[in-house]
Amino acid sequence: MQPTPYVVRRHTVSSKIAIVVAILLLLAIPTMPFWASSGHIRLVVELSCLIAIAQMWNLLAGYGGMVSVGQQAFIGAGGYSLFALSAFAGLNPFWSVPLAMILPALLAAPSYLLLRKLDGPYFAIGTWVLAETFRLITGNLDVLNAGSGMTLRAMSQFSAHQREVGLTILCSLLLLATIGGTFLMLRSRLGLALTAMRDDAVSAASQGVNVGRMRFWIFVVAAMGTGLAGAVYYMAQLRISPGSGFDPYWSSICIFIVMVGGIGRLEGPIIGALIYFFATRLFGEYGATYLIVLGILTLIVALFAPGGLWSLLSKVRDWPWFPVGHRLERRAEAP
Amino acid sequence: MKWVDAVVQGLLLGSLYAQYAIGMSLMFGVMRIVNIAHGDLVVLLALIGISIAAVLGLGPGFIVLLLVPIGAAVGWILQRGILNWAVGEDPLPSLIATFGLSLALQNFMLTVWQADTRSLDAGALTTRSVELMGIHVGVLPLLIAVVAVVLTWSLHMALKTTKFGRALRAAAADSVAATISGVNTKAIYAQATAIAVAVLGIAAVFQATRTTVSPSDGGAQLIYAFEAVIIGGMGSIWGAFVGGLILGVAQVVGSRIDPGWGILIGHLVFLLVLAWRPQGLLSRR
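The listed protein sequences derive, respectively, from chains A and B.
Counting from 1, position 131 in the first sequence corresponds to residue 131 in my numbering; the numbering is continuous, with no gaps.
If you count the second sequence from 1, you need to add 1000 to reach my numbering.
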């Protein structure tokens, strides 16, 4: 019997290189305190948090079909969890970071059950109302020092070097959890359902995907990832206030990064985060004018290039980094 | 008496929210679109009005006459230039596009008008009040309430009785079928958005005379309009009006309990309605 001339593959040369590079980078980040300057470490921490937050928004909007303009709700909740756990429970702040995912999950579950009643675009504004509600409640809680915010005093027991080692390890784990976790999930059976939902929620439902339950879990998981990133970010800042933790600008960042990078693809948020990060370093000094350009760019991408940069790049060269699908290739001729 | 007063003041505040909300309800009803820059447009129109008033020395009455056509033009351009590209089943493009617009508009206003809070001087009108059954009611808030009722009623009647209203309802029910029957849906959409933003022109003058405006206020106005629409019931103009009033009462009563709680109580009332009656209070479903 003649073997078929085709073969199904997941990995490509580009994806093998990308995954090796990604693993090397994840291993390299925790070594930074031994060779890099504190300034560079701060930048890497910030970039990691941006990538993580954007990847979670991508999971939510790109795969779950739920546009949120209120992810700051979970950034603030994660950040405040860390500060409260170390201030009131006396826990080691580094161990409190993973625990900071609990509160966002507990808030996200009932939030989703309320918001799912809202139709399409109204869901988005509903998430914003929730974030504002959390901000106002936090601002009225004297135990959390109300509007003036909290300081992470527990960090003073560590030397600057110890803090950097802890933070960089947390950053690597954060990226591993958000990118690696999403990657593995998308390659599983669950991922097939998610990809079907991304392409068309109605036909996914007709194929037996329980769209409602999937959305619930996506909302909760995205909140946990976002909360984790919020905890890492505010651990580096050492200070949090309701105005910063629950700042709607966080949503602007998510939306810009994912839309410009490429929604519904794992690579998109990474590219988008790099663009946002370097653009802010280069043009941030122009303040309002820079933000006007960001806003207009988001608008143009949404209307005319909904797949973002990644989809434009894929048209030129299809070199995936994180393959989640299968591809059909012609088998190499036997010599 | 203190609480009766709070309710009355809340109704008056709520009638301003109703003016933001009817435009949003109209746009969602027709196109299933939410314009995230809705609140920023209120602020933009108010700031334009304040600048015109300062340059030409005009009173608020004339400013309204100018802002309504300006608002209509802005709405028409917004629909033709941006939103008509994004109307469709998927809510993502219109949401993200208007989100980008909102970010750009806020920062544009910040560049032009700086971060100062400004207001429109309406002379004696701002301070005059009448006494109704022992409660002092400002003449300006009363005027706002009357205008809100008139606007809601006229929009309701226009949708119900005019040719434009029929075309609009047809486009809302099924845009393809409406097109086959000879309705130019894109033009209808542009007219609907023009009306929605023209109403914001009126609301902007009231907002600027009643309190103050600053470039970053838009988000809050968007949220109040949205809450009003959901509390009252989606797709109903009178629902948006009633929702605005309820939100206003919740905020004023809340702030009388504790000054830091006004807006929070408003959000909580919204969430309660969402939990118990998600189709809205006025919906017949």
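The beta carbon of each residue, even a glycine, is placed where N, CA and C say it ideally should be.
Being a predicted model, the structure only gives us computed values, none of them experimental.
Open item on the list: Using the Cβ count rule (16 or more neighbours within 10 Å means buried), how would you classify Asn210(A)?
Closed with: Asn210(A) comes out exposed.
Task: Residue interval of the beta strand (DSSP E) (run including Ile1135(B)) - done: Segment 1135 to 1138, the beta strand (DSSP E) holding Ile1135(B).
Task: C-alpha gap between Arg375(A) and Val324(A), whole angstroms - done: Missing from the structure shown is residue 375(A); chain A here goes from 1 to 335 and no further.
TODO: Measure from the C-beta of Met150(A) to each C-beta in chain B and report whether the shortest distance is under 8 Å.
DONE: No, because no Cβ of chain B sits closer than 8 Å to the Cβ of Met150(A).
Task: Residue environment, Ala89(A), which counts as buried when at least 16 other CB atoms sit within 10 Å - done: Exposed, since its Cβ has fewer than 16 Cβ neighbours within 10 Å.
TODO: With a threshold of 16 other CB atoms inside 10 Å of the CB of Tyr1017(B), please say whether the residue is buried or exposed.
DONE: So Tyr1017(B) counts as buried.
Open item on the list: Can you pull the chain B neighbours of Leu136(A), defined as C-beta to C-beta under 9 Å?
Closed with: The contacting residues are Gly1260, Trp1261, Ile1263, Leu1264, His1267.
Task: Cut-off 8 Å between Cβ atoms - residues of its own chain near Ile263(A), not counting five sequence neighbours on either side - done: Closer than 8 Å at Cβ, skipping near neighbours: Asn58, Ala61, Gly62, Pro306, Gly307, Gly308.
Open item on the list: Between Ile218(A) and chain B, is any beta-carbon pair separated by less than 8 Å?
Closed with: For Ile218(A), the nearest beta carbon of chain B is not closer than 8 Å to its own beta carbon.
Task: Contact set between the stretch 307 to 322 of chain A and chain B, restricted to residues whose Cβ is under 9 Å from the partner - done: The stretch 307 to 322 of chain A vs chain B, Cβ under 9 Å: nothing.
TODO: Compute the beta-carbon to beta-carbon distance between Gly1071(B) and Ala1198(B), rounded to the nearest angstrom, for a pair I have assumed lies under 8 Å.
DONE: Taking the Cβ atoms as the reference, Gly1071(B) lies roughly 4 Å from Ala1198(B), within the contact range of under 8 Å.
Task: Proximal residues to Met1001(B) (C-beta, below 8 Å), its chain only, five neighbours per side dropped - done: Same-chain partners within the cutoff: Gly1134, Ile1135.
Open item on the list: Can you confirm whether Ile179(A), when its beta carbon is compared against all beta carbons of chain B, has any partner nearer than 8 Å?
Closed with: It does not: the Cβ of Ile179(A) has no partner Cβ on chain B nearer than 8 Å.
TODO: Assign Gly1243(B) to one of two classes, buried (16 or more other C-beta atoms within 10 Å of its C-beta) or exposed (fewer than that).
DONE: Burial call: buried.
Task: According to DSSP, residues forming a beta bridge with Thr151(A) - done: Looking at the DSSP assignment, Thr151(A) forms a beta bridge with Arg239(A).
Open item on the list: So, for Glu1227(B): in the same chain, excluding its five sequence neighbours on each side, which residues have a beta-carbon less than 6 Å away from its beta-carbon?
Closed with: Residues of the same chain with a CB within less than 6 Å of the CB of Glu1227(B), apart from the 5 flanking positions on each side, are Leu1247, Phe1270 in chain order.
- [ ] Using three-state DSSP, classify Arg9(A) as helix, strand or coil.
- [x] Residue state, collapsed to three classes: strand.
TODO: Reducing DSSP to helix, strand and coil, say where Arg327(A) ends up.
DONE: Residue state, collapsed to three classes: strand.
Task: Whole-angstrom C-beta distance between Leu114(A) and Ala1053(B), which should lie under 8 Å - done: The Cβ separation is near 43 Å, so there is no contact.
- [ ] Note down the Cα distance separating Ile275(A) from Ser252(A), rounded to an integer number of angstroms.
- [x] Between Ile275(A) and Ser252(A), the alpha-carbon positions lie close to 14 Å from each other.
Task: chain A contact for Trp1113(B) (CB, 8 Å cutoff) - done: No, its Cβ sits nowhere closer than 8 Å to a Cβ of chain A.
Task: Beta-carbon proximity check, Gln1251(B) vs Gly1260(B), cutoff 8 Å - done: Going by C-beta atoms, Gln1251(B) is not nearer than 8 Å to Gly1260(B).
Open item on the list: Once DSSP output is grouped into helix, strand and coil, what is the label at Val1130(B)?
Closed with: When DSSP states are grouped into helix, strand and coil, Val1130(B) belongs to the strand group.
Open item on the list: Given this structure, state the Cα-to-Cα distance separating Leu130(A) from Ala1148(B), to the nearest angstrom.
Closed with: One C-alpha to the other measures close to 28 Å.
TODO: Using alpha carbons as the reference points, say which of Ala1171(B), Ala1178(B), Gln1207(B) lies closest to Leu1067(B).
DONE: Closest by alpha carbon: Gln1207(B).
Open item on the list: Determine, for Leu114(A), whether the minimum Cβ-Cβ distance to residues of chain B falls below 8 Å.
Closed with: By the rule that beta-carbons nearer than 8 Å mark a contact, Leu114(A) touches chain B.
Task: Beta-carbon gap between Val1273(B) and Ser1025(B) smaller than 8 Å - done: Result no, Cβ atoms of Val1273(B) and Ser1025(B) do not sit closer than 8 Å.
Task: Closest by C-alpha distance to Val1007(B), when choosing among Ile1265(B), Trp1113(B), Val1253(B) - done: Distance from the Cα of Val1007(B) is smallest, within the candidate group Ile1265(B), Trp1113(B), Val1253(B), for Val1253(B).
Task: Backbone secondary structure at Val45(A) - three-state DSSP - done: Note: Val45(A) maps to helix in three-state DSSP.
TODO: Report the residue from Phe322(A), Ser68(A), Ser37(A) whose alpha carbon sits nearest the alpha carbon of Arg187(A).
DONE: Cα-wise, what sits closest to Arg187(A) is Phe322(A).
TODO: Taking Ser1175(B) as the query, report the chain A residues whose CB atoms sit under 8 Å from its CB, ordered along the chain.
DONE: Chain A residues near Ser1175(B): none, gap ~15 Å exceeds 8 Å.
- [ ] Consider the Cβ of Leu299(A): report whether some Cβ of chain B lies at a distance smaller than 8 Å.
- [x] Interface residue, yes.
Task: Any C-beta of chain A under 8 Å from that of Thr1117(B) - done: No, Thr1117(B) does not count as interfacial toward chain A.
Open item on the list: Could you pull the DSSP bridge partners for Val1213(B) from this structure?
Closed with: In the DSSP assignment, the residues bridged to Val1213(B) are Arg1118(B).
- [ ] Assess, as a yes-or-no matter, whether the stretch 264 to 273 of chain A is touched by the stretch 1073 to 1092 of chain B under the definition of 3 or more beta carbon pairs within less than 8 Å.
- [x] In short, these stretches do not touch, since the Cβ pair count stays below three.
Open item on the list: Would you say Pro269(A) lies against chain B (beta-carbon separation less than 8 Å)?
Closed with: Chain B contact via Cβ: absent.
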